[in-house]
Amino acid sequence: MSTFSLEKSVKNFIADLAKTNFQGDVDANEAARLVHSVDNSIYEVKPAAVIYPKNSDDVAIVTQLLSQPEHHQVNITAKGGGTGTNGQSLNQGIIFDLSRHMNQILAFDAEKHQVIVQTGVVKDQLNAFLKTHGFFFAPELSTSNRATIGGMINTDASGQGSYTYGKTSHHVVSLRGYLPNGQFIDTNEIDPLQQQIAGVIAPEVDSMNAHFPELNRFVTGYDAKHFFDDENHNLKHLLCGAEGTLAVLTEATLNVLPIPKYSTLVLLSYDDFISALKHSTYLMDAPVIPTSIEIMDDRVVERARNDFIWEVNAQYFEGVDYDRLKAILLVEFNSDDEVELQKSVESFADYMKASNYVSLLSSNVLNGDAAIKNIYALRKRAVGLLGNIKGERRTMAFVEDCAVPPESLADFIVEFKAVLDKEDLIYGMFGHVDAGVLHVRPALDLKTDADRERIRKVSDQVYDLCVKYKGALWGEHGKGVRSEYCEPYFGEFYPIIRAIKTAFDPHNQMNPGKIAAPLGSDSALYKVDSTPMRGQKDQLITEKMWNEYRRVNFCNGNGACFNYDLHSPMCPSYKATRDRVQSPKGRAVLLKEWERRRCTDQNTPEFEDEIFTALETCLSCGSCTSECPVMINIPNGRSQFVEEYYKTRRRPLVDRILAQAEENAPLMYKMRSITNPLFKLPMTQAIMKKIGLTDATMPQDNGMPALVKAGKLVEWNIADIERLTAESIKDAKNSVIIVPDALTEYFDGKVLKDCVELLHSLGLTVYLAPYQNSGKAYHVLGMRDQFTLSAEKQNKLLLKMAKLNVPMIGIEPPITVLYRKDYKQMFGEAVDVQLVQEFLVDYLSQKDQAVQKELKDKFYLLSHCMEKTAVPNAPSLWQQVFKYFGLGIEIVPTGCCGMSGTFGHLTKQVELSEKIYDQSWRVQIDGIAEKDHVMATGFSCRTQVDRFSKVSALHPISVLNQSIQ
Numbered sequence: 010m011s012t013f014s015l016e017k018s019v020k021n022f023i024a025d026l027a028k029t030n031f032q033g034d035v036d037a038n039e040a041a042r043l044v045h046s047v048d049n050s051i052y053e054v055k056p057a058a059v060i061y062p063k064n065s066d067d068v069a070i071v072t073q074l075l076s077q078p079e080h081h082q083v084n085i086t087a088k089g090g091g092t093g094t095n096g097q098s099l100n101q102g103i104i105f106d107l108s109r110h111m112n113q114i115l116a117f118d119a120e121k122h123q124v125i126v127q128t129g130v131v132k133d134q135l136n137a138f139l140k141t142h143g144f145f146f147a148p149e150l151s152t153s154n155r156a157t158i159g160g161m162i163n164t165d166a167s168g169q170g171s172y173t174y175g176k177t178s179h180h181v182v183s184l185r186g187y188l189p190n191g192q193f194i195d196t197n198e199i200d201p202l203q204q205q206i207a208g209v210i211a212p213e214v215d216s217m218n219a220h221f222p223e224l225n226r227f228v229t230g231y232d233a234k235h236f237f238d239d240e241n242h243n244l245k246h247l248l249c250g251a252e253g254t255l256a257v258l259t260e261a262t263l264n265v266l267p268i269p270k271y272s273t274l275v276l277l278s279y280d281d282f283i284s285a286l287k288h289s290t291y292l293m294d295a296p297v298i299p300t301s302i303e304i305m306d307d308r309v310v311e312r313a314r315n316d317f318i319w320e321v322n323a324q325y326f327e328g329v330d331y332d333r334l335k336a337i338l339l340v341e342f343n344s345d346d347e348v349e350l351q352k353s354v355e356s357f358a359d360y361m362k363a364s365n366y367v368s369l370l371s372s373n374v375l376n377g378d379a380a381i382k383n384i385y386a387l388r389k390r391a392v393g394l395l396g397n398i399k400g401e402r403r404t405m406a407f408v409e410d411c412a413v414p415p416e417s418l419a420d421f422i423v424e425f426k427a428v429l430d431k432e433d434l435i436y437g438m439f440g441h442v443d444a445g446v447l448h449v450r451p452a453l454d455l456k457t458d459a460d461r462e463r464i465r466k467v468s469d470q471v472y473d474l475c476v477k478y479k480g481a482l483w484g485e486h487g488k489g490v491r492s493e494y495c496e497p498y499f500g501e502f503y504p505i506i507r508a509i510k511t512a513f514d515p516h517n518q519m520n521p522g523k524i525a526a527p528l529g530s531d532s533a534l535y536k537v538d539s540t541p542m543r544g545q546k547d548q549l550i551t552e553k554m555w556n557e558y559r560r561v562n563f564c565n566g567n568g569a570c571f572n573y574d575l576h577s578p579m580c581p582s583y584k585a586t587r588d589r590v591q592s593p594k595g596r597a598v599l600l601k602e603w604e605r606r607r608c609t610d611q612n613t614p615e616f617e618d619e620i621f622t623a624l625e626t627c628l629s630c631g632s633c634t635s636e637c638p639v640m641i642n643i644p645n646g647r648s649q650f651v652e653e654y655y656k657t658r659r660r661p662l663v664d665r666i667l668a669q670a671e672e673n674a675p676l677m678y679k680m681r682s683i684t685n686p687l688f689k690l691p692m693t694q695a696i697m698k699k700i701g702l703t704d705a706t707m708p709q710d711n712g713m714p715a716l717v718k719a720g721k722l723v724e725w726n727i728a729d730i731e732r733l734t735a736e737s738i739k740d741a742k743n744s745v746i747i748v749p750d751a752l753t754e755y756f757d758g759k760v761l762k763d764c765v766e767l768l769h770s771l772g773l774t775v776y777l778a779p780y781q782n783s784g785k786a787y788h789v790l791g792m793r794d795q796f797t798l799s800a801e802k803q804n805k806l807l808l809k810m811a812k813l814n815v816p817m818i819g820i821e822p823p824i825t826v827l828y829r830k831d832y833k834q835m836f837g838e839a840v841d842v843q844l845v846q847e848f849l850v851d852y853l854s855q856k857d858q859a860v861q862k863e864l865k866d867k868f869y870l871l872s873h874c875m876e877k878t879a880v881p882n883a884p885s886l887w888q889q890v891f892k893y894f895g896l897g898i899e900i901v902p903t904g905c906c907g908m909s910g911t912f913g914h915l916t917k918q919v920e921l922s923e924k925i926y927d928q929s930w931r932v933q934i935d936g937i938a939e940k941d942h943v944m945a946t947g948f949s950c951r952t953q954v955d956r957f958s959k960v961s962a963l964h965p966i967s968v969l970n971q972s973i974q
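Using the working numbering, the first residue of the sequence shown is number 10, and each one after it goes up by one.
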C-alpha cells in the first residue's frame, strides 16, 4: 500500500474512532508524527498518526474497529518507552503509545511475590514502589528509568544479572490484552489458539529443536520451543518477545523477588580485552558463582572519565593503570547473610589468585549499596556516552546484542573485531559476559553513502558469525528491522513462525514488517539497508547548517529525557505534559527536520508554528545539556530557532520587556521607591496581565552603601578594573571578588548583603565587581546579537579580573553556570567563576578548625536544577560548609521548581509552571515539618516556593550569616 493510501485509510479510521466512546488522545499533527518516527535506532519511519489509549476499554475499541473489513488496511504498532535499538516500534501506520496514560501499578501481593501493572509502567517506577515492600523486579536494563514493562515484555528484555535472574519472560506470570479482532486475551485462561498453534508445531518438533539453540538468552519472537514444551501451552511464551506483532498487551502479572540484604562488587582491571573475556569464563566456574559478571572496554571507561558521573566513581578505580587499561570486569555477589557474603568473596578471591592471570592489573572490593549503585549508574550511562565521541562518526546500535554460549564469547569477539577492523571502524564494547552477550557499537557517519553501505556488510558478516558459534543475532533487544534474518535463521521451521503470526493476526495489522508476515501474505519484512535511515535524510542538511545546530543534531534517540522520576531535573515540561513533542528528543527531531526543509526549500510557516509550540514550553533549564549522555543542548537550539522565527514575525511586547530586564535592573533599583508602589496598583497589574505577565518581582534594598561605609566591602567600578593589577591586591589569598547578577544585587539584595557579611566575618577582603548584563535573558528569548554583545562585554570584564589572581564567585547558579559553560563555548576559554560553596570549601579547608564541631541544627536544601546538573557535587559541597559551622544539611531530591527565570511569570505558562512545581517541590516541602529550615539556592526557586507553598525559603548564605552573627 502506498503511503498516501495508508494515510487516507488511517484518516478514515480516526474519523470512525471519533464516533465511538474512545476517551484517549489522537494526534495526527506533523510534529507528533515526526517525533514518533524515531527511536534509539538508526532508522526513521514516519507514522500516519499517534493514538494514546486512556484505559483497556480504549484498546478494546481500537482493536474492535481494526477488525472491521473497511479497516483491514490499517495497522497499529504498540509503543512504550521508545528506547528500541532496531526500530521495533517504528511503522507507517498508527503508533499506539500506551505510556502516556496506562502507567499504573494496579495491585501487589507480598505473599505471592506478585505485582499487577499496566504495560505503560516504567521499570524504575515499579522498582521504586516495590522497594518500600522489600522486593524488586529483577530484569535490569540500562534504560530502566524510561523503559516500560510493555516494551520489556515485547522484546523479552534482559541485562545485567540475567545469568542468575534470567529474562523478562522468566518473571511473567500472566498477560492480558487484545487481539487485532478486538477479542480480549488472558493467558491464565484457556484459549482456542493454544491447541491450534500446538497442533501446527507438533509435526515439526525436530526442526524446532534444531533452530532454537540452548542459550542463556534463548531465542524469542516467537518462542515456539518454550510454548510447546510447556504442557499447558501457555500463550505468554509466544507473546513475550513478539514485539507487538500478535496482540496489544495492556496488563501483566509479574513475579518479583526479595531484595538481597547485602552486596559486594569486585572490580577487576585488565591490560587486554580478549584476555578479560577468557578470564571471565574461568571466574564463572568459581566455587561460589557470582550473581553477574559485566565488562566494559577502555573506550567506555575513557568516556565515563570525561563525564560528571566520574566525580562520584573515581574513588572506586583506585590503583587502575589507565595507560595500560583495556577492560574492566564487574563481578557481583549477593546474600542475605553478611558473614556468608564475606566468605563467598574471600573464596572467590582465592580462586582468582590461583589462576595467576598475567593480564590482570588490579582488584578492588567494593561494599555497600552506595558504591554498587554508583558503579552501575556509570555502567548504565556508558551506553549513551559512547554516542558522544568527537567527530562526525558516532557509535550506532545495529549489531549490538549478539548472544553466543559464554565459553565461545572470546573467540566470537576476536572474529567480530576483525570484521570491524577490516572496515576501519572504531567501536566500544560492554555487556554481560556471564550470559555470552556483548554490546558492540561501531562508529559510523550515516550521512555518507559509504558508511550506510557498511550497515549491510557488517550485519551480514556478524549474522554469519552468530550462526557459526551457535548463537543468535538478537540476544537482548529484539529483532525489529533485523527481522529479515529470521527466515534463514529458522530455516524450514520459518513457515511455522508465519503460521503463528497468521493465527493471531491474519490481516497483518499488528506491527507489520517485523518477525513474520502471515501465510499467504506478500507483505515484505523490513530490511537493515532499505529501511529509511536518519542519516540518509540528514544528508540533505548543508555542512554549514549542520555545524550551526550540531549540539541538537547528534541526538541519537536514547530517550534519557523520558526519565519517569519526578525528582530528577531532566526535562520538567515533558514530565508535566507526558507529551514526547515537549521533550529534548522531540524538540531535537523537530529542529533537525526544520533544517532539512530549509535546505530543500520545503519549509513552511505552518511547520515553524508547530516547532514554536513545542519549544515555547521549554524552560531553558539546561538539564538536558548535562543529564543527556550525548549532551543535547535544547536551550541553545531553542534560542537559535526563536531568533529565526521572529525574523518574519512581530515579537510580542512581553518578550521585548523581559529581554531588557537585566539591562534595566540598575535603573529599576534606583527608582524602586516609585515603581514598587506603582506595580501594586490594580491598574498596573491589569496592564501586566494584558501584555502577558501574571506577576513580577520588585527590587529590594541591598544595603551595599552601608557595608562599604562600615569597611566590610570594597565596591569597584569599571575604571577601577582598568587600573588594577595583581600587585595592587595586598592579600589575594584572603580576598574574594563577588561577580554580581541582577537578581541578587537588585531583586534579592538581602542575600548579597548576607554574603558580604559572611565573607567579611571569615576574615576575607570582599570586592564587589561592577554590575554588567550577563545576556542570559537575551539568550533565552533568542535575541542572539544582543546576547553576543552583552556576553563579549561581560567576558572581557571577567578576563581582566581573572588577571588579579583573586577568586571570583557568583551567587545565582544559572548566571554562574552561564559564565562557565556558555561563555566557554562561545569564546573558547574558561573563566573560573566559582559557586559560593565551591569557594568556601576551598577557603575553609585552609582553616585550622571548624567554628563548632557538634551539629546544633539541621536544614533542608533544595538546589537549583541547573546548578546540580552542571556541578553535580554542588549540594554536597554545601553539606561540607555547613558542617564547618556546626550545622547539618539534608539534601532533598527535587526536579525543576517550574519558575526558571521569567517562565513562571508568563500568563500563558503559569498553569504549566504550577503543575511542574506540584510534581516535585510542593510534595517535598509539604513533607518538611520545619518550614523555617527550608533552603533553596535559586532566586527563581525561592520565589516559586513563596508563591505556591507560602514558605519563605532561605539561601544557605543567609542561614550561615545568621548563625555567626
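Idealized CB from N, CA, C, for every residue including glycine.
Only a predicted model underlies this, so the values are computations on that prediction, with no experimental measurement involved.
Cα atoms of G253 and S922: separation of roughly 37 Å, rounded to the nearest angstrom. With a cutoff of 8 Å on beta-carbon distance, D757 and F621 are scored as not near each other.
Following the DSSP letters along the chain, one finds G544 inside the alpha helix (DSSP H) bounded by residues 543-547. In terms of Cα proximity to A57, the closest of P708, K20, D67 is K20. Per the Cβ contact rule, the segment 722-731 is in contact with the segment 776-788 (3 or more Cβ pairs under 8 Å).
Take L662, set aside five residues on each side of it, and the residues of its chain with a beta-carbon closer than 8 Å to its own are I700, G701, in chain order. Here V561 is buried, its C-beta having at least 16 other C-beta atoms within 10 Å. Within the model, the alpha-carbon separation for V932 versus A379 is close to 25 Å. In the same chain as Y174, and ignoring 5 residues on each side of it, the C-beta atoms closer than 6 Å to its own belong to A147, in chain order.
Judged by DSSP in its simplified three-state form, V943 adopts strand. Under the 10 Å beta carbon count, P296 is surrounded by fewer than 16 other beta carbons and is classified as exposed. Contact annotation: V47 and T540 have beta-carbon atoms that are not nearer than 8 Å. Q127 and M810 have their C-alpha atoms some 58 Å from each other. Contact between G913 and H576 is absent: CB atoms are separated by about 19 Å, not below the 8 Å threshold. Rounded to the nearest whole angstrom, the CA to CA distance from D935 to D927 is 10 Å. Within the same chain, and ignoring the five residues on either side of F891 in sequence, the residues whose Cβ sits closer than 6 Å to its Cβ are I898. Counting only residues of its own chain and dropping the five nearest sequence neighbours on each side, E672 has a CB closer than 7 Å to the CB of N782. S744 carries a strand assignment under DSSP once its states are collapsed to helix, strand and coil.
For E801, the enclosing alpha helix (DSSP H) begins and ends at 793-811. The segment 222-233 makes contact with the segment 465-485, as at least three CB pairs between them are under 8 Å.
Shown here, E496 sits in a helix according to DSSP, grouped into three states. Taking E838 as reference, the option from L338, L844, A37, L827 with the minimal CA-CA separation is L827.
In this structure D410 is buried. Its beta-carbon is surrounded by 16 or more other beta-carbon atoms within 10 angstroms. Here I925 is actually not in contact with G910; their C-beta atoms are around 13 Å apart, not less than 8 Å.
In this structure, DSSP gives F193 an extended state, which the three-state scheme calls strand.
Rounded to the nearest whole angstrom, the C-alpha separation of Q123 and I114 is 11 Å. Burial of E485 is indicated by the presence of at least 16 other C-beta atoms within 10 angstroms of its C-beta. With fewer than 16 other Cβ atoms from the protein chains shown falling within 10 Å of its own Cβ, L687 counts as exposed. In the DSSP assignment, V598 falls within the unbroken alpha helix (DSSP H) covering 593-608. Within its own chain, the residues whose Cβ lies closer than 6 Å to the Cβ of D547, once the five positions on either side in sequence are excluded, are K456, listed in chain order.
DSSP lists I898 as the beta-bridge partner residues of F868. G791 is a Cβ neighbour of S648, given a cutoff of 8 Å.
Closest by C-alpha distance to S492, out of A251, H81, K28, L15, is A251. Scanning its chain for C-beta atoms nearer than 7 Å, with the 5 sequence neighbours on each side dropped, one finds around L43 the residues K55, V598, L599, E602, in chain order. Leaving aside the five residues that flank V35 on each side, the residues in its chain whose CB is nearer than 8 Å to its CB run, in chain order, I23, L26, A27, A58, V59, I60, Y61. I818 carries a strand assignment under DSSP once its states are collapsed to helix, strand and coil.
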